[in-house]
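Taken in order, these protein sequences are the chains called A and B.
Heads up: the first sequence begins at 985 in this note's numbering, then just goes up one per residue.
Heads up: the second sequence begins at 985 in this note's numbering, then just goes up one per residue.
Ideal Cβ placement from N, Cα and C applies to all residues, glycine included.
Right, one structure below, let's go through it.
Number of protein chains: 2
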Amino acid sequence: MTKFGVHDTPLQELFGDAAFEAFDDAGVGPDEVEALFFGNAMGGQTENVTHLGPQCATHVGMAGKPVQRYEDACATSANAFKNAVEAVESGRHDVVLVGGVERCTPETGKDTDEMTRIFASASHRQYEQPTGLTFPGVFALLTKRHMHEHGTTEEHLAEVAVKNHGHGSLNPKAHFGKETTVEEALDGPVVADPFRLMDCCPFSDGAAAVVLVSDDLADSFDAPVDVTGVGHATDIVPLADKETPHVTKAARDAASQAYDQAGVSAADVDFAEVHDCFTGAEVLASEALGLIEDGQGGVAAAEGRTSRDGDIPINASGGLKAKGHPIGATGAAQIVELTEQVRGEAGEHQLDGVSRGVAHNLGGDAATTVVSIMEARA
Amino acid sequence: MTKFGVHDTPLQELFGDAAFEAFDDAGVGPDEVEALFFGNAMGGQTENVTHLGPQCATHVGMAGKPVQRYEDACATSANAFKNAVEAVESGRHDVVLVGGVERCTPETGKDTDEMTRIFASASHRQYEQPTGLTFPGVFALLTKRHMHEHGTTEEHLAEVAVKNHGHGSLNPKAHFGKETTVEEALDGPVVADPFRLMDCCPFSDGAAAVVLVSDDLADSFDAPVDVTGVGHATDIVPLADKETPHVTKAARDAASQAYDQAGVSAADVDFAEVHDCFTGAEVLASEALGLIEDGQGGVAAAEGRTSRDGDIPINASGGLKAKGHPIGATGAAQIVELTEQVRGEAGEHQLDGVSRGVAHNLGGDAATTVVSIMEARA
């Protein structure tokens, strides 16, 4: 993956930076790769570029190969990954490239107001957008319900921000390299109650890519990591029609599928990368994945249970909160992180003794979730 | 499929109009359908709506099911179809819904100038868009080369328009229900030399959907039609880097894959629906699919060989030219047309004695092409 942050590179070249690194890591060239599963969420709106798959394929030397663009809002490249896993598992392909790219900073020519409106395109066009609801508001509503049901506090949310900024300060590819404090977080301006500035992830530019190969070929590659489960579920849209919005049902359904495929339970997982677009989203995700008991997500963060030295480290990379969130690249970046952690190649932010991780990538009004499990090769 | 034309219906409801018709035709309800493979090309840019898959799934009663949005410019829903075929063929799903929806008329709030700029997003962002190249220009360049190489004339192109308008006048779902003449076509204003107004397809609104089931289940449905081949290839972008742009290499590669899968050759095909976004595009496609000898596509149209009573009827539906082109719905609509023709249920525009058809759906600078073969159930 590229560093997440601000890039003035065209999307094709930014994607290439990640793809070439993936090729090098796997020891393959574009001629050996059969297809590209490509994620980009907002390029049409941000930079007037669609049909970007063949442009990126051309740039990385794969012109002519089958290329498919996937879009599922913030879950875009996790879904590209899911489709790639299915294509390889079914025997259709043996070696494929999966990745995503996005630019969300003013380098696109869009300022934060415009970008917020663009992001809001992933909410319900008729029932939500006209009310002025944007994504800080969507997750604020979910989080407020969690606070009401379980007594989660703003301090708990601040603890998630402090943890993820601390983690991110160890990750040279993170957008934010600095730590924060509970006091600073609670002092920030309100974005959407209960979220203050430090509860919100940034708009980032970046790309991530992985080479995925069949089980039969895996041992001919250096340091393969097994994909043992990929679940994918959606939920009703708009938000107001969900019976219990704060439980994020799609995440629970997707996690259940993934655990079943892998033949494991949440208790068997060593670490997680979850979709913390807002601190509250991490609280909900940690519970939906079964890593923390329902209602205790905020408390667990405050107690250090989800810190890198806790019993279930969450977002050792810094998460979306500190690593950054180039939408269409985020899901693929989680797969990169799981791969490097399981290999023991995560550098300064390497976790101790981890062999099985789970990634949770969410799109829209908690309406699409993909949960992937990766582990040391059996 | 819905009528193609102008619709003031929200995208979810417009998609629903096609999906409910597909459910009724197949005799299934949303509970029996396992997944949605969904195409929409430009909704983010036209109506600020992304992550539309779960919104459409919710509207048709499929909330919670896995839903994926595909985008490949004008080849968007053919690629959704390809992915659905692969998912069913691999045993992952037995019954799925595939479809697409788009609105491109001023009902979106965008006028023709804005829509032309939006469409141009599917060309190369750095090398083509800044030159002012839009899609009439892209296909004009390809067609000019064909004229140079093979002596194709503006009269030949006009004959394609006359044929497809004639065909469309028999199709009550076509955007344009009126015939035209060679004189009228050659009298129209120039859009991009050699194309005049009647050489260009319209911006349309519309939706199309099909229910796709496994081979094992097919005989429990009324009037199933077999999908025997689906090819998918891309080509280098930008246009200027293609060695021989007018041969549309992606189409030839995709057709070759599809024919191989089906175990047939072009000579075994009874009729075709091809991507005639411009008259010249039909000429190129008829040759790339092997239906007409190279260089003779225009002559064949002028001689009536590709008319509904010719030896290889092309675009009996009216094609994009007369039926209309709601981008993300076009590929799925071709599949609907092939199904109805093979079943003998195409009404006034039914062809005589056809049992095998080929569909050709193209995206971007001739950079993505999906070719599908459907035939009477063996």
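*Within 8 Å (strictly less), CB to CB, does B/G1037 reach chain A?*
yes
Exercise for the section: Please name the residues in the stretch 1227 to 1251 of chain A whose beta-carbon is closer than 8 Å to at least one beta-carbon of chain B, in chain order. Expected result: K1233, A1234 and D1237
Could you tell me which uninterrupted beta strand (DSSP E) segments, each at least 3 residues in length, are contained entirely in the stretch 1234 to 1287 of chain A, listed from first to last along the chain?
1255 to 1257
Let me check understanding here. Comparing Cα to Cα, which of A/T1352, A/T1060, A/C1184 and A/F1065 lies closest to A/G1121?
A/C1184
Classify B/R1327 as helix, strand or coil using the three-state DSSP reduction. helix
Query raised in the report: Which residues, taken in chain order from the stretch 1041 to 1054 of chain B, show a beta carbon closer than 7 Å to some beta carbon of chain A?
Result: A1041, T1042, A1047, G1048, K1049, P1050, V1051, Q1052, R1053 and Y1054
Next on the checklist: Does the structure place the stretch 1175 to 1191 of chain B close enough to the stretch 1141 to 1153 of chain B that three or more beta carbon pairs sit under 8 Å?
Outcome noted: yes
- Which stretch, first to last residue, makes up the alpha helix (DSSP H) that contains B/H1132? F1119 to H1134
Quick one: grab the DSSP three-state call for B/T1212. strand
_Rounding to the nearest angstrom, what Cα-Cα distance links B/I1220 and A/D1206 in this structure?_
31 Å
C-beta neighbour in chain A for B/I1220, strict 8 Å | yes
Original post:
Does DSSP put B/G1075 in a helix, in a strand, or in coil?
Top reply: coil
>> For a cutoff of 8 Å on Cβ pairs, would you count A/H1216 as touching chain B?
In response: yes
| said: Considering just the uninterrupted stretch of the alpha helix (DSSP H) at B/I1102, what are its terminal residues? | reply: T1096 to F1103
Which of the three DSSP states, helix, strand or coil, is assigned to B/A1360? strand
Residue burial classification, A/T1115 (beta-carbon count within 10 angstroms, cutoff 16): exposed
*So, are the CB atoms of A/A1306 and A/F1187 less than 8 Å apart?*
no
ask   = What residues are listed by DSSP as bridge partners for A/V1342?
value = A/A1256 and A/I1357
Where the stretch 1108 to 1129 of chain B meets chain A: residues whose CB sits under 9 Å from a CB there: H1108, R1109, Q1110 and Q1113
Whole angstroms is fine: what's the gap from A/T1100's alpha carbon to A/V1033's?
-> 18 Å
ask   = Just the Cα atoms here: how many angstroms apart are B/T986 and B/E1271?
value = 30 Å
Practice task
Locate the beta strand (DSSP E) running through A/V1174, then write down its first and last residues.
Solution key: V1174 to A1176
**Asked** Taking just the CA atoms, how far does A/M1358 sit from A/R1340?
**Response** 6 Å
>> With a threshold of 8 Å between beta-carbons, can B/Q1334 be considered close to chain A, or not?
In response: no
- Query: Between the C-alpha atoms of A/V1174 and B/M1046, what's the straight-line distance to the nearest angstrom?
  - Reply: 37 Å
Residues near A/A1363 in its chain [Cβ-Cβ closer than 6 Å; skip 5 each side]:
Since the first and last residues shown for chain A are 985 and 1362, residue 1363 of chain A lies out of range.
- Item | Amino acids of chain B, ordered along the chain, whose beta-carbon sits closer than 8 Å to that of A/M1131 | In chain order: nothing, as chain B lies at least about 26 Å away.
Worksheet entry | Distance between beta carbons of B/V1082 and B/F1103, contact taken as under 8 Å | So it is not a contact: roughly 23 Å between Cβ atoms.
> Given a threshold of 16 other Cβ atoms within 10 Å of its Cβ, counted over all protein chains shown, does A/H1108 qualify as buried or as exposed?
Replying inline: buried
Interfacial residues, the stretch 1148 to 1172 of chain B to chain A, with Cβ spacing under 7 Å:
none
Reducing DSSP to helix, strand and coil, say where A/T1290 ends up. coil
Can you find a CB in chain B that lies within less than 8 Å of the CB of A/V1033?
yes
If the criterion is Cβ atoms closer than 8 Å, does the pair B/A1025 and B/E1055 meet it? yes
> From the DSSP output, which residues share a beta bridge with A/A1191?
Replying inline: A/V1085
- prompt: From the DSSP output, which residues share a beta bridge with A/E1055?
  reply: B/R1053
Hey, how far is the Cα of B/P1014 from the Cα of B/V1044? 7 Å
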